[in-house]
Amino acid sequence: MSSLSDFLTNDYAAHFGVTWNSSVMSLRVEIPASICFEVEDQKPAIVQPAGQGVSIIRRKDEMVEVLDLEDFMKTIYGRDNTPSSCDFAISPLNGTGYLVLNELTRTRSEYIRRFVQPKTGEKREGKLDVAKKQLTATINRFYEVSDFCDQYANRTALFSCRLSDKTKKGLMAKSARAFNSGIYRLQRMQLHESLPHGFVFKLRVYNDEYRID
């Protein structure tokens with residue numbers, strides 16, 4: 172069990188009035204065997220075959236634990252009262268070198284940033300802003316319990332996105348490619364953006380991998 176798993180089942184659960192009973196409760200975790208692996212939410216398995224995930228992670232030699240944080244929140248709060256949370260937490264099986272909070276989504280490219288709803292003209296938040304809110308809410312809830320996360324040398328809030336745009340031809344295709352190139356440039360920018368408590372926000376668009384430092 173990782174340090175994070177221990178924190179969640181003991182300190183976090185107790186803070187919100189839940190006694191963790193391992194005979195009837197369980198953490199949904201996987202320890203990937205491959206150095207480079209893909210994850211997806213709302214699937215029977217967290218780690219997916221190559222080409223089928225949303226988030227691509229490249230770990231170092233040490234083993235990592237991928238924890239389904241959303242599933243844990245449902246256990247603590249109940250499925251009808253689950254607060255906003257990111258999808259996964261990735262941390263070393265041993266040690267506290269890094270902590271990655273990972274929010275995943277599949278969406279069309281025009282919904283990544285703020286957009287206008289065609290039918291109503293209403294301005295809507297893009298997936299990027301929604302992900303930041305999910306990640307920030309998760310971080311703040313952890314720190315409501317304690318400063319446990321401060322021990323991690325590197326703290327990352329990662330938004331992983333897989334675009335679902337269909338192949339187009341002609342002028343529409345050129346426009347879509349131009350829009351997507353803007354998203355990929357955004358991914359590679361040094362955003363100089365930190366979320367609360369020293370978590371650095373990063374974006375990865377499939378199939379670019381996130382390398383654990």
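Heads up, the sequence shown is in my numbering, so the first residue is 172 and it goes up one at a time. Backbone N, C-alpha and C define an ideal beta-carbon position, used for all residues, glycine too. Here the structure is a predicted model, which is why all the values come from computation and not from measurement.
If only uninterrupted alpha helix (DSSP H) runs of at least 4 residues are considered, those enclosed by the region 284-338 are 298-316. By alpha-carbon distance to G224, the top candidate from E233, S262 and F208 is F208. Excluding sequence positions up to five before and after V189, its CB lies within less than 7 Å of the CB of I247, all in the same chain and listed in chain order. Exclusion of the five residues before and after A328 leaves L272, L306, L366, F370 and F372 as the residues of its chain whose Cβ lies within less than 6 Å of its Cβ. The closest CA to that of A204, considering only H186, Y183, A184 and R229, is found on R229. Put simply, the region 183-198 does not touch the region 288-298. Fewer than three CB pairs are less than 8 Å apart.
In the structure shown, L238 falls within a strand segment according to DSSP collapsed to helix, strand and coil.
The beta-carbon separation of I283 and C332, rounded to 7 Å, stays under the 8 Å limit for a contact. Counting of Cβ neighbours within 10 angstroms places S174 among the buried residues, the total reaching 16 or more. Residue pairing of I228 in beta bridges, as defined by DSSP: F208 and Y381. For F259, the enclosing beta strand (DSSP E) stretches over residues F259 to P263. In the assembly as shown, I206 is an exposed residue. Its beta-carbon has fewer than 16 other beta-carbons within 10 Å.
The three-state reading of DSSP puts L179 in helix, counting H, G and I together. Using a 10 angstroms sphere on the CB of I227, the tally of other CB atoms reaches 16 or more, which defines it as buried. C-alpha of S256 to C-alpha of E274: approximately 8 Å in a straight line. Scanning Y377, G222 and S176 for the CA closest to the CA of T278 turns up Y377. Distances from the CA of G249 to each of K294, L238, F259 and A184 were compared; the closest alpha carbon is that of A184. Boundaries of the beta strand (DSSP E) harbouring R277: Y269 to T278, taken from the DSSP string.
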